[in-house]
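Here's the structure, in structure tokens; my notes come after.
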Amino acid sequence: MAYICVILQCDMSDDTGWGKEMTTGTKAGTKTTTTRTECGQCAALCCKNLSVRILRPYTRAEIEDLKWQLHFDTVSIYIRKNRWYQLVEGRCIYLGEDDRCKIYPRRPEMCRRHNPPDCEFFGKFYDVLLETPDQMEAYLAERRKKSRR
Ligand code: SF4
Ligand code: SF4
7 MAYICVILQC DMSDDTGWGK EMTTGTKAGT KTTTTRTECG QCAALCCKNL
57 SVRILRPYTR AEIEDLKWQL HFDTVSIYIR KNRWYQLVEG RCIYLGEDDR
107 CKIYPRRPEM CRRHNPPDCE FFGKFYDVLL ETPDQMEAYL AERRKKSRR
């Protein structure tokens, strides 16, 4: 797969633009305002794949179900911060040819929550990427081995 998308496209500056003035919390609980320009330099990576949180598999049946999904070359599974996700290749139907959202003012909440720098534009977004059934078996075997040590 070309890149990892997590979820959809980020918040942007206005109905057409880029580089939103965004307000973020600080450790002290106060607020600070920064200018974000990353999305303007990005080819809307997060609108070109779908990522869905899934439960970590425990039983053999659950593992086999996930392995079955990995028979498809459009599906991967990744693990990030001990959370499991299913990744499906596919471009959002509302992403224009110019890589801008055609429904920006009414884009879903999920799109609004996905923001840089916690996104794929900034590089590797996963701790573990599983693209085939064999990779999943090998990963789980390694986990079992480590847990017995
Ligand atoms: S910079 Fe990140 S959040 Fe913004 S469009 Fe690119 S991938 Fe999405
Ligand atoms: S609705 Fe807009 S922001 Fe959300 S994934 Fe589609 S194109 Fe991206």
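In the numbering used here, the protein residues as written are 7 to 155.
Glycine included, every Cβ here is placed at the ideal spot set by N, Cα and C.
Original post:
Is it buried or exposed for I99, if we count other Cβ within 10 angstroms and need 16 for buried?
Top reply: exposed
Subject >> DSSP-derived helix/strand/coil call for K152 >> reply: helix
Original post:
Given that a residue counts as buried once 16 or more other Cβ atoms are within 10 Å of its Cβ, and exposed if not, what is L51?
Top reply: buried
Original post:
By the 10 Å Cβ neighbour count, where 16 or more other Cβ atoms means buried, how is L61 classified, buried or exposed?
Top reply: exposed
Subject >> V81 versus R154: straight-line alpha-carbon distance, rounded >> reply: 31 angstroms
Subject >> Option in K151, W90, R106, Y91 with minimal Cα separation from R97 >> reply: R106
Subject >> Buried versus exposed, by CB contacts within 10 Å (16 or more), H77 >> reply: exposed
Original post:
Between the region 127–136 and the region 82–93, do three or more beta carbon pairs fall short of 8 angstroms?
Top reply: yes
Original post:
Does the Cβ of C125 lie closer than 8 angstroms to at least one heavy atom of ligand 2?
Top reply: no
Subject >> Same chain only: Cβ atoms within 7 angstroms of T36, ignoring 5 sequence neighbours per side >> reply: The pLDDT assigned to T36 is 30, lower than 50, so where the model puts this residue is not dependable; a value taken from the coordinates is nonetheless given after this. Result list for T36: empty, nothing under 7 angstroms.
**OP:** Whole angstroms is fine: what's the gap from Y145's alpha carbon to E115's?
**Re:** 33 angstroms
**OP:** Below 8 angstroms on the Cβ atoms is my guess for P122 versus C45; work out the distance and round it to an integer in Å.
**Re:** 7 angstroms
**OP:** Just tell me which of L93, Y64, C117 has its CA closest to the CA of D79.
**Re:** L93
Subject >> Helix, strand or coil at R118 according to DSSP, with G and I counted as helix >> reply: helix
Original post:
Exposed or buried, K73, counting other C-beta atoms within 10 Å across all chains shown (16 or more means buried)?
Top reply: buried
Subject >> Under the three-state DSSP convention, the category C53 falls into >> reply: helix
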